[in-house]
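Peer 1: Right, I'll just put the structure down here and ask away after.
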Ligand code: NAD
């Protein structure tokens, strides 16, 4: 049995009391490395109380003081970057460089909210009627909760809590039970940065903990990132219970390669985008749509050998381009999809099944896999596989390629590789996708823009971080004020246009 983890409640480590725990694995060796407590409803109630008690003082702390905590937090993340990356990689399996890169993307959100006084500035209108002024301001929503997936154990929580906390809310994070250690360490760093106790808490758990958060009336807003089935449930349950909910979900991201694309650039791009982090990214490219027979032939000819020669290894191998997948179940699920692809008639160009690494025979490794001749009815095309599997679909024309993107259930990301501005413009204008790349395979928006998909990739009205994040974690209040001028109007019973009072 490995090391016991804890919850982080009201500024301190708290041992689990539910009697239930989950295993945390080192995916490269397949061994259990730690044990994570799984909270029950009583433990969740305690964490909600801690966040509610901390709320009044924190929400009225001046924004510039809240920003100061974020400045300190930024320095501490940079100081502990190696340690945080090690925590991510040892539980998730991704390479250390990739882990550091993802933490840096989270850090950019912290940097964005260092300017929170500016972000919270309201509007003021003088003299909306005689002696009447009007102003609008944004106030925190209250106790917020975040429920996050395994694939970005630092970055995805950091899409949420820095914005929520800087805006004056208190926050409860329920990280993935598969790799919770980095979130627990970030909580300690926030305390060290000067955040008062109870403002940021981590409760570990599974469905029981999530349901307790969703049903408690004290929780005002819920941010979720994870799979579509769970996201839909969280959105519907949270909304039914009167909460504000944003649920960012699954994906099947297409990369359209036009005949005029720079093929060297496209091939390099697809390698990182399809196989980086073993394909366990919601913005991974999992479908390559080649336009025209020659483009398809050339693409397969060049990509095939690259996939065959991918350097796969544990995160401790500095030469590894890709690590294992998260669990044995995940490996088996991915291998089942590969089998389904073969039986449904797709051409398996590179088969990643049965990969054995010397010294890591029990690790959850799946080799890079490439299919050609995939069609839109196949499960490998329709479903999110969340592994290192790329499906190539041959399209006869740009119009056919675009139609595939339009018709797919998911709408997170899509990219087009072309030298033609006209085609690129049509694509960016007309696809029903939240994040679009032009010669950029993974168009993840920077921290001061907002991240979010369309269709079954997002439920709710707000994308995450950037100004959308500020709007999600604040409520708009508009004040209309008259200071007595000594002029008496008498009672007004009818509503008038704004300029004509009625106030
Ligand atoms: P998941 O849906 O299994 O789990 C996400 C969270 O929900 C975890 O904290 C988990 O404990 C909790 N959960 C799981 N089952 C639950 C249940 N029955 N009831 C309540 N809560 C439950 O997702 P995952 O496997 O951890 O992550 C992979 C998924 O996340 C992929 O679908 C990926 O596309 C998606 N993802 C999306 C984005 C995005 O921004 N759109 C980003 C990252 C990951």
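Residue numbers (this note's numbering): 1103 to 1605.
Where a beta carbon is used, it is the ideal one built from N, C-alpha and C, also for glycine.
(1) Going by CA-CA distance only, name the one from 1290, 1306 and 1307 that's closest to residue 1299.
(2) Can you tell me whether residue 1436 sits near ligand 1, meaning its C-beta is under 6 Å from at least one heavy atom of the ligand?
(3) Could you say which of 1190, 1273 and 1549 lies nearest to residue 1253 if we only look at CA atoms?
(4) Taking the alpha carbon of residue 1611 as the reference point, which residue from 1449, 1532, 1558 and 1469 has its own alpha carbon closest?
(5) Use the C-beta contact count for residue 1579: other C-beta atoms within 10 angstroms, 16 or more gives buried, fewer gives exposed.
(6) So, helix, strand or coil for residue 1257, using DSSP?
(7) Can you grab the Cα-Cα spacing for the pair residue 1136 / residue 1114, in whole Å?
(8) Mind the definition here: the segment 1256-1274 touches the segment 1206-1216 only if three or more C-beta pairs lie below 8 Å; say whether that holds.
(9) If I'm right that residue 1385 touches residue 1353 with Cβ under 8 Å, what's the distance once you round it to whole angstroms?
(10) Taking the alpha carbon of residue 1393 as the point to measure from, which residue in 1266, 1470 and 1501 has its own alpha carbon closest?
(11) For residue 1515, does the count of other Cβ atoms within 10 angstroms reach 16, so buried, or fall short, so exposed?
(12) Keeping to the same chain, check which residues put their C-beta closer than 6 Å to that of residue 1106; ignore five residues upstream and five downstream.
(13) For the segment 1375-1430, list the alpha helix (DSSP H) runs that are entirely contained and at least 4 residues long, ordered along the chain.
(14) CA-CA distance, residue 1335 and residue 1598?
(15) Hey, residue 1196 and residue 1432 are a contact pair by Cβ (cut 8 Å); roughly how many whole angstroms apart?
(16) Straight-line CA distance for residue 1595 to residue 1160?
(17) What are the start and end residues of each continuous beta strand (DSSP E) run of 3 or more residues lying completely inside the segment 1287-1311, in chain order?
(18) In chain order, what residues of the same chain have a beta carbon less than 6 Å from the beta carbon of residue 1415, not counting five sequence neighbours either side?
(19) Alpha carbon to alpha carbon, what distance is there between residue 1459 and residue 1566?
(20) Indicate whether at least one CB of chain C lies closer than 7 Å to the CB of residue 1517.
(21) If you reduce the DSSP assignment to three classes, tell me which class residue 1178 lands in.
(22) Can you grab the Cα-Cα spacing for the pair residue 1340 / residue 1571, in whole Å?
(23) Enumerate in chain order the residues of its own chain whose CB-to-CB distance from residue 1139 is below 6 Å, with the five nearest sequence positions on each side excluded.
(24) Using DSSP with H/G/I as helix, E/B as strand and the rest coil, what is residue 1513?
(25) Taking 7 Å as the threshold (C-beta atoms), are residue 1575 and residue 1271 in contact?
(26) Quick check for students: name the residue ranges of the beta strand (DSSP E) that lie wholly in the segment 1513-1538, counting only runs of 3 or more.
(27) Can you give me the Cβ contacts of residue 1202 inside the same chain, cut-off strictly under 7 Å, excluding the 5 residues immediately before and after it?
(28) Name the two residues that bound the continuous alpha helix (DSSP H) containing residue 1211.
(29) My output table needs one value for residue 1232: the three-state DSSP class, helix, strand or coil.
(30) Going straight from the alpha carbon of residue 1376 to that of residue 1229, what length do you get?
(31) Please check the pair residue 1246 and residue 1322, which I expect to be a contact at CB under 8 Å, by giving their CB distance rounded to whole angstroms.
(32) According to the neighbour-count rule (16 or more other Cβ atoms, all chains shown, within 10 Å of its Cβ), is residue 1582 buried or exposed?
Peer 2: Result, derived from the coordinates:
(1) Start at 1 with the first residue of the chain shown, and residue 1299 comes out as number 197. Checking every option, the nearest Cα to that of residue 1299 belongs to 1290.
(2) Counting from one through the chain shown, the residue named residue 1436 turns up at place 334. For ligand 1, not one heavy atom lies less than 6 Å from the Cβ of residue 1436.
(3) By one-based count along the chain shown, residue 1253 stands at place 151. The option with the nearest alpha carbon to residue 1253 is 1190.
(4) The structure shown does not extend to residue 1611, since the chain is modelled only from 1103 to 1605, so the question has no answer here.
(5) Along the chain shown, read from residue 1 onward, the residue named residue 1579 stands at position 477. So residue 1579 ends up on the exposed side.
(6) Mapped onto the chain shown, residue 1257 falls at position 155. Residue state, collapsed to three classes: helix.
(7) For the purposes of this step, residue 1136 is taken as the residue at position 34 of the chain shown. For the purposes of this step, residue 1114 is taken as the residue at position 12 of the chain shown. Answer to the nearest angstrom: the Cα atoms are 19 Å apart.
(8) The answer is yes - the segment 1206-1216 touches the segment 1256-1274, with three or more Cβ pairs under 8 Å.
(9) Translated into the one-based positions of the chain shown, residue 1385 becomes position 283. Translated into the one-based positions of the chain shown, residue 1353 becomes position 251. Residue 1385 to residue 1353, Cβ: 7 Å. Contact.
(10) Numbered from its first residue, the chain shown carries residue 1393 at position 291. Comparing Cα-Cα distances from residue 1393 to each of 1266, 1470 and 1501, the minimum goes to 1501.
(11) By 1-based counting over the chain shown, the position of residue 1515 is 413. By the 10 Å Cβ count, residue 1515 comes out buried.
(12) By one-based count along the chain shown, residue 1106 stands at place 4. Cβ within range, chain order: 1137.
(13) 1395-1410
(14) Locating residue 1335 in the chain shown gives position 233, where the first residue counts as 1. Locating residue 1598 in the chain shown gives position 496, where the first residue counts as 1. Roughly 44 Å between the two C-alpha positions.
(15) Against the chain shown, residue 1196 aligns to sequence position 94. Against the chain shown, residue 1432 aligns to sequence position 330. In fact, because the Cβ distance is near 13 Å, the residues do not count as touching under 8 Å.
(16) As a working mapping, residue 1595 is identified with position 493 in the chain shown. As a working mapping, residue 1160 is identified with position 58 in the chain shown. Those two C-alpha atoms are separated by around 41 Å.
(17) 1302-1304, all fully within the segment 1287-1311.
(18) Here residue 1415 corresponds to residue number 313 of the chain shown, with the count starting at 1. Closer than 6 Å at Cβ, skipping near neighbours: 1422.
(19) Here the question's residue 1566 lines up with position 464 in the chain shown. Here the question's residue 1459 lines up with position 357 in the chain shown. Taking the straight line from one Cα to the other gives about 38 Å.
(20) In the displayed structure, chain C is absent; only one protein chain is listed.
(21) Counting from one through the chain shown, the residue named residue 1178 turns up at place 76. Note: residue 1178 maps to helix in three-state DSSP.
(22) The sequence position of residue 1340 within the chain shown is 238, counting from 1. The sequence position of residue 1571 within the chain shown is 469, counting from 1. About 18 Å.
(23) Along the chain shown, one-based indexing puts residue 1139 at 37. Cβ-Cβ distances below 6 Å link residue 1139 to 1118, 1123 and 1306 in the same chain, with the five nearest sequence neighbours on each side left out; the list follows chain order.
(24) As a working note, residue 1513 is residue 411 in the chain shown. Reduced to three states, the DSSP call for residue 1513 is strand.
(25) Against the chain shown, residue 1271 aligns to sequence position 169. Against the chain shown, residue 1575 aligns to sequence position 473. Cβ atoms of residue 1271 and residue 1575: closer than 7 Å.
(26) 1515-1519
(27) On the chain shown, position 100 is the one that residue 1202 refers to. Take residue 1202, set aside five residues on each side of it, and the residues of its chain with a beta-carbon closer than 7 Å to its own are 1183 and 1187, in chain order.
(28) Counted from its first residue, the chain shown places residue 1211 at position 109. First-last of the alpha helix (DSSP H) with residue 1211: 1198-1215.
(29) As a position in the chain shown, residue 1232 is number 130, starting the count at 1. In the structure shown, residue 1232 sits in coil (DSSP, three-state: anything other than H, G, I, E or B).
(30) The residue you call residue 1376 lines up with position 274 of the chain shown. The residue you call residue 1229 lines up with position 127 of the chain shown. Between residue 1376 and residue 1229, the C-alpha separation is close to 57 Å.
(31) By one-based count along the chain shown, residue 1246 stands at place 144. By one-based count along the chain shown, residue 1322 stands at place 220. Indeed they touch by this definition, with Cβ atoms about 6 Å apart.
(32) Start at 1 with the first residue of the chain shown, and residue 1582 comes out as number 480. Exposed, since its Cβ has fewer than 16 Cβ neighbours within 10 Å.
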